[in-house]
Amino acid sequence: MPTSPSDAPRPGGPGYDLAVIGAGPAGLAAAVTAADLGLRCALLDAGARTGGQFYRHPAPGLGAARPERLHHAWSAYTGLADRLAAHREAGRVDLLGNHQVWALERAGDTAWAVHATLGPGADDRATVRAGAVLLATGAYERQLPFPGWTLPGVVTAGGAQAMLKSGLVLPGRRIVVAGSGPLLLAAASSLVTAGAEVPAVVEATNYLGYARRPHVLAGVPAKLAEGLVHGTAFLRHRVRLRRRAAVVEAHGTDRVTGVTIARLDARWRPVPGTEKRIECDALAVGHGLLPQIELATEAGAETVAGPDGAVALKVDAGLRTTVPGLWAAGETCGVGGADLAIAEGELAAHAVAGATARGSVLRRRARLRAFADLMAAAHRPGPGWTGWLRPDTDVCRCEEVPAAAITEAVEELGAGDARTVKLLTRAGMGWCQGRMCGPAVACLSGMSGEPRADSRPLSCPVPLAQLAAGAAGPAGDGA
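Okay, so the sequence shown: first residue is 1 according to the UniProt record's numbering, each after it adds one.
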């Protein structure tokens, strides 16, 4: 299994055939498959280790003896990691950890310059050159605000899993899990297995959307088996699943001490008189995932709206984006899980190499993508969720912009879109650049579905000293 990439070979010479951005399931599968096909690859990731968010490792100093107990399908990761180790040893893949890519730049008709920051120092940057780029940057969680969501002890569902996987700690002892989407089941199952008490999993949908296409479910028996595993864990630990309900307020002063849940109607509006309080010391909440595609949209790639309204990259059958020389795989093409990401990473690598992928990979990808679309449609947020908000509820956490300010921008100042609301209120101008508040601001601005992906010259914060230092860096081969 690969260790920290601090001893990885530094890029040099004429560059690479392929730069893969993101070392999660899709990126790992793409890099090792491309190397199998004879391409020389650079695999870049903001983290120090491979695996991405899905295969997140415990910190080395914790001495975790059995990290596989924190994951599903750990053997899939170890198989990819072993192949990567062999390709690194042979010099076919350079693993570049701690490389946070902030921009892609065309370097002629047949080459790319990939710019990354390695840290806060003026010299801590790199420019990696490659003939093609494959984006496997994953996704981030969709949050819908409610009163009390900024209290300490309120974390995202994925954040609760990250705390457990990387730090071997729990966000609390009695944890309510709420929101919508299959991540809730996985998070709750992991938490109770690790010793937490989960009094309720509060799911905004009723799961009936899955019944609309039974043939799609029949094509993914592994997903049904995974759901059975979670259900068994819930029965064993007496976890109650509350469907068609939501957390509409979190209570507490210095920390969350309880939540109020309410039944929802078909449009996700709270039903008066159905409120119920649940005592807890932590809340893990999330409403699915949104593709992380900023690098591609700034390069000019076209997007499409998925069944849940989330914006993903438009790709063809070979995972090519609309920008020549730029491919994508996994969650950037629409959220669908690790199995789909691995299949798409392999398929995209074949397309980059000009090779024909195995028919089994094409069929697996088709089945899993169909399930991903079904899943997205089943958990699409309803427009009535704004009924959870009060005028003083912060929608943008970074800039502390309340719902009333956004309403004022629309109704009194004439803002007709999320960008104008942003300019008038600063919602989305903070550290997260709208990742947390973007869907909420778009909905309150009167837009249908999710906001279109913003185009930004930089996809992440970069020290100004690095921008002034020129394109060459310690891991680059010149401007």
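C-beta: ideal position from N, C-alpha, C; glycine also. On a predicted model such as this, the values are computed, not experimentally measured, just so you know.
- For C41, the enclosing beta strand (DSSP E) covers residues C41 to L44.
- I175 is the residue among A162, S166 and I175 whose C-alpha sits nearest the C-alpha of V154.
- In the DSSP assignment, the residues bridged to I21 are L44 and L135.
- In the three-state DSSP reduction, Y210 falls in the helix class (H, G or I).
- Annotation: the continuous beta strand (DSSP E) that includes K276 extends over K276 to E279.
- For S166, the three-state secondary structure derived from DSSP is helix.
- In this chain, the beta strand (DSSP E) harbouring L283 covers A282 to H287.
- Contact between the segment 178 to 188 and the segment 220 to 237 is present: 3 or more CB-CB pairs across the two stretches fall below 8 Å.
- An exposed status is given to W431, since fewer than 16 other beta-carbon atoms sit within 10 Å of its beta-carbon.
- Using a 10 angstroms sphere on the CB of P67, the tally of other CB atoms reaches 16 or more, which defines it as buried.
- For T332, no beta strand (DSSP E) encloses it, and the DSSP letter there is neither H nor E.
- Within the same chain, and ignoring the five residues on either side of P463 in sequence, the residues whose Cβ sits closer than 6 Å to its Cβ are P120.
- By the Cβ criterion, the segment 18 to 38 is in contact with the segment 337 to 347, since at least three pairs of Cβ atoms, one from each stretch, lie closer than 8 Å.
- Bounds of any alpha helix (DSSP H) do not take in T257; it lies within the beta strand (DSSP E) bounded by V256 to R263.
- Put simply, the backbone Cα of W149 is about 42 Å away from that of P324.
- Taking the Cβ atoms as the reference, V114 lies roughly 11 Å from A132, outside the contact range of under 8 Å.
- Contact fails between the segment 381 to 394 and the segment 414 to 427, because fewer than three Cβ pairs, one in each stretch, are under 8 Å apart.
- In the three-state DSSP reduction, R174 falls in the strand class (E or B).
- Of the candidates S190, G195 and G158, the residue whose Cα lies closest to the Cα of R173 is G195.
- Where W102 is concerned, the enclosing beta strand (DSSP E) starts and stops at Q100 to R106.
- A residue is called buried when at least 16 other Cβ atoms come within 10 angstroms of its Cβ; P383 does not meet this threshold and is exposed.
- Secondary structure at C432: coil, using DSSP grouped into helix, strand and coil.
- Counting only runs of 4+ residues, the alpha helix (DSSP H) found wholly inside the segment 322 to 383 occupies 338 to 353 and 359 to 378, in chain order.
- Between E331 and A139, the gap from beta carbon to beta carbon is short of 7 Å.
- Comparing alpha-carbon positions, the option among P60, Y77 and L62 lying closest to G52 turns out to be Y77.
- K422 sits buried, since 16 or more C-beta atoms from the chains shown fall within 10 Å of its C-beta.
- Here E249 has F146, P147, G148, V259, T260 and W388 as same chain residues with Cβ atoms under 8 Å from its own Cβ, once five neighbours each way along the sequence are excluded.
- With distances taken between CA atoms, A107 lies nearest to G15 out of A415, S445, G15 and R240.
- If you look at R236, you'll find it in the alpha helix (DSSP H) that goes P221 to H237.
- In terms of Cβ geometry, L95 and L43 form a close pair [threshold 7 Å].
- Excluding its 5 nearest sequence neighbours in each direction, I406 has C-beta neighbours in its own chain below 8 Å: V395, V421, T425, A427, V441, L444 and S445, listed in chain order.
- Counting along the chain, the unbroken alpha helix (DSSP H) around L424 starts and ends at A418 to T425.
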